[in-house]
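The numbering of the sequence shown is our numbering, which starts it at 6 and goes up by one.
Reviewing the structure listed below.
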Amino acid sequence: MQLGRDIPAKWDLEFNLYAMNADGTGVTQLTFARGGESRPLWSPGGARILYTRFPSDDATEPEREVACFVMRANGTGATQVTFTSEGDTNCTDWSPDGRKILFGRAPPGGHGLVAVWEAQPDGSGATQLADLPGSQGLAVYQPAPGLEASGA
């Protein structure tokens with residue numbers, strides 16, 4: 006089936022993050038990656054965004070790992086907060102008070118296990134919480150009791 010254009014065999018698309026108003030107006034590009042950025046998570050107060058950055062296929066680029074970044078809500082001040090030379094890292098959640106982030110790390114040859122980590126939003130104080138079977142995307146914080154009753 007021909008779709009009217011050739012699709013390149015190499016993954017070379019760029020995925021960046023955008024913000025907009027609820028009605029679709031005011032679209033603003035927040036990131037300008039050569040690879041891809043996805044899975045944005047607003048901090049509880051809305052001042053920061055946690056996201057996952059994927060490296061480009063450009064072998065000359067120094068950032069070759071999948072990592073978590075935090076930036077201001079306007080797209081400035083992007084800071085890498087996870088560092089690893091082995092395995093992939095996936096940012097999964099903010100703590101309800103916004104003082105911690107949660108991320109999963111799947112080491113190569115991890116046989117389906119994922120290490121779940123918690124750290125401060127600047128990457129300091131990283132602590133491994135558990136090794137879990139399955140997907141990195143499943144680790145989230147439990148909401149504080151009473152939030153749903155208040156409509157938050």
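For glycine and all other residues, C-beta sits at the position ideal for the given N, C-alpha and C.
Small disclaimer: the values here were computed from a predicted structure and weren't measured.
### Task
Return the Cβ separation of L46 and D127 in integer angstroms, given the expectation that the two are a contact with Cβ distance under 8 Å.
Here residue 46 refers to the residue found at position 41 when the sequence shown is read from its first residue. Here residue 127 refers to the residue found at position 122 when the sequence shown is read from its first residue. Rounded, the Cβ-Cβ distance is 16 Å, inconsistent with contact.
### Query
Which residues bound the beta strand (DSSP E) around A144?
Locating residue 144 in the sequence shown gives position 139, counting from the first residue. Element bounds for A144: n/a, residue is neither H nor E.
### Task
Determine the closest residue to A135 out of D28, T36, T84 and R110, with distance taken between C-alpha atoms.
Looking up residue 135 in the sequence shown gives position 130. Comparing Cα-Cα distances from A135 to each of D28, T36, T84 and R110, the minimum goes to R110.
### Query
DSSP on V86, reduced to helix/strand/coil?
Taking the first residue of the sequence shown as 1, we reach residue 86 at position 81. Of the three classes helix, strand and coil, the one that applies to V86 here is coil, per DSSP.
### Message
On the CB-based measure, 16 or more other CB atoms within 10 Å of its CB, does S129 come out buried or exposed?
### Response
The residue you call residue 129 lines up with position 124 of the sequence shown. With fewer than 16 other Cβ atoms within 10 Å, it is exposed.
### Query
With a CB to CB cut of under 6 Å and the five nearest residues on each side skipped, what residues in its chain are close to Q133?
Along the sequence shown, read from residue 1 onward, the residue named residue 133 stands at position 128. Closer than 6 Å at Cβ, skipping near neighbours: A120 and W122.
### Message
Measuring alpha carbon to alpha carbon, tell me which residue in A38, V145, G50 and G31 is nearest V71.
### Response
Against the sequence shown, residue 71 aligns to sequence position 66. The shortest C-alpha separation from V71 is found at A38.
### Query
Near Q85, what residues of its chain come up, given a Cβ to Cβ distance below 6 Å and the 5 sequence neighbours on each side ignored?
As a working note, residue 85 is residue 80 in the sequence shown. Only A72 and F74 meet the Cβ criterion.
### Query
Buried or exposed: which applies to T30, given that a residue is buried once 16 or more other Cβ atoms fall within 10 Å of its Cβ?
The sequence position of residue 30 within the sequence shown is 25, counting from 1. T30 is exposed by the Cβ-count criterion.
### Query
In whole angstroms, what separates the C-alpha of F108 from that of D28?
Residue 108 sits at position 103 when you count from the first residue of the sequence shown. Residue 28 sits at position 23 when you count from the first residue of the sequence shown. If I take the Cα positions, the gap works out to 31 Å.
### Run of the beta strand (DSSP E) containing F74, from where it starts to where it stops
Counting from one through the sequence shown, the residue named residue 74 turns up at place 69. Segment A72 to R77, the beta strand (DSSP E) holding F74.
### Message
Let me check understanding here. Comparing Cα to Cα, which of Q147, F59 and Q34 lies closest to D102?
### Response
The residue you call residue 102 lines up with position 97 of the sequence shown. The shortest Cα separation from D102 among Q147, F59 and Q34 belongs to Q147.
### Message
Let's test the definition: count the other Cβ atoms within 10 Å of the Cβ of N26 and tell me whether it reaches 16, buried, or not, exposed.
### Response
The residue labelled residue 26 in the question sits at position 21 within the sequence shown. It counts as exposed.
### Query
Which residue from G41, G40 and N79 puts its Cα closest to that of Q34?
Along the sequence shown, one-based indexing puts residue 34 at 29. Nearest C-alpha to Q34: N79.
#### Entry: G40 burial status per 10 Å Cβ neighbour count (16 or more: buried)
Along the sequence shown, one-based indexing puts residue 40 at 35. Per the 10 Å Cβ criterion, buried.
### Close Cβ partners of A131 (< 7 Å) along its chain, the five nearest in sequence each way excluded
Here residue 131 refers to the residue found at position 126 of the sequence shown. Counting only Cβ-Cβ distances below 7 Å, and skipping sequence neighbours, we find W122 and A124.
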